[in-house]
Structure formats: structure tokens, C-alpha cells
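The structure under discussion appears below in the form of C-alpha cells.
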Amino acid sequence: MSEKTKKIAYWFFTLWLSLGMVSTAIVQLIKLPEEVEKINQLGYPTYFLTLLGVWKLLGVVAVLSPKFVLLKEWAYAGFFFAMSGAAISHIACGHPFGEIFPSLLLLTLTFVSWYLRPANRRT
273 MSEKTKKIAY WFFTLWLSLG MVSTAIVQLI KLPEEVEKIN QLGYPTYFLT LLGVWKLLGV
333 VAVLSPKFVL LKEWAYAGFF FAMSGAAISH IACGHPFGEI FPSLLLLTLT FVSWYLRPAN
393 RRT
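As C-alpha cells, this is what we get:
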């Protein structure tokens, strides 16, 4: 893969990841009734939505900012833990694949964005 293609792919997947994280963060922060019901079904308290929403927004800022390479690594790790935890929680509760898929998609985007990141965005 050429450097130009790799850079385009990085930004494609990173922007898609960022859009997914921002949109789910907003839904969590405004506490849509469906989200409150879902988080409670998973066994988590409602205030967890606020924590996840704030962390996701901060993570997107870190991943998109041109500096703070170590902070980016932490943001990617946070996205990995949040999305793998969400997928495992849905699986443990016996939810159908349609409810598991969004977290698996964001988990995949996290990995691909992290893997393709340019040298100046690595530790």
C-alpha cells in the first residue's frame, strides 16, 4: 500500500470512527429513553451514559488533534475497552447480533484507525 493510499485510508477510517463516537456520545449525553433502557438492561447505572459520552468526546478530540501522541494511544485504548466491553455486555445478555454489531463496527474502526496511523501519530 502506498503512503498516499495509507494516509487516505487512515483519514477515512478515523473520520468514520470519530463520527460514530461523537454520534453515540451525544445520544448518551442527552440520555435518550432507549439508551437509558438499554444501559439498564445491560446492568449498568444510568450515570454511566454520562461517563461514556464525555470520555468518547474527549477521545475524539485526542485522536483528531495533531499533537499529544501518548494521549492518542490512551484514547485508542479507551475506545477499545469501551467497545469490546459493550460487545461482550450485549453478548452476555443474549442480545441479537443487530444490537451487538454497532459496538463491533466501532471496535473494528478503532483498530483500523490505530493500525493505519501515520508515523507522526505514533509513540
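273 is the number of the first residue of the sequence shown in our numbering; add one for each residue after it.
Using N, Cα and C, we set each Cβ at its ideal position, and we do this for glycine too.
Computed from a predicted structure; not experimentally measured.
Asked: Below 8 Å, can you find three or more Cβ-Cβ pairs linking the segment 308-320 to the segment 273-285?; Found: no
Asked: Taking C-alpha atoms, which residue in V326, C365 and K339 lies nearest to A354?; Found: V326
Asked: The alpha helix (DSSP H) with Y387 in it runs from where to where?; Found: F369 to L388
Asked: Ordered along the chain, which non-local residues of its own chain (more than five positions away) have a Cβ less than 6 Å from that of K328?; Found: M293 and A297
Asked: Can you give the Cα-Cα distance for L376 and P390, rounded to whole angstroms?; Found: 24 Å
Asked: Does DSSP classify L314 as helix, strand or coil?; Found: coil
Asked: Counting beta carbon pairs with one atom in the segment 283-292 and one in the segment 330-345, are three or more of them shorter than 8 Å?; Found: yes
Asked: To the nearest angstrom, how far is the alpha carbon of E409 from that of L301?; Found: Here the chain comprises residues numbered 273 to 395, so residue 409 is not present and cannot be evaluated.
Asked: Mapping the DSSP letters down to three states, classify S337 as helix, strand or coil.; Found: coil
Asked: For a test of the three-state rule: what should DSSP assign to R394, helix, strand or coil?; Found: coil
Asked: Give the straight-line distance between the Cα atoms of F383 and C365, rounded to the nearest whole angstrom.; Found: 25 Å
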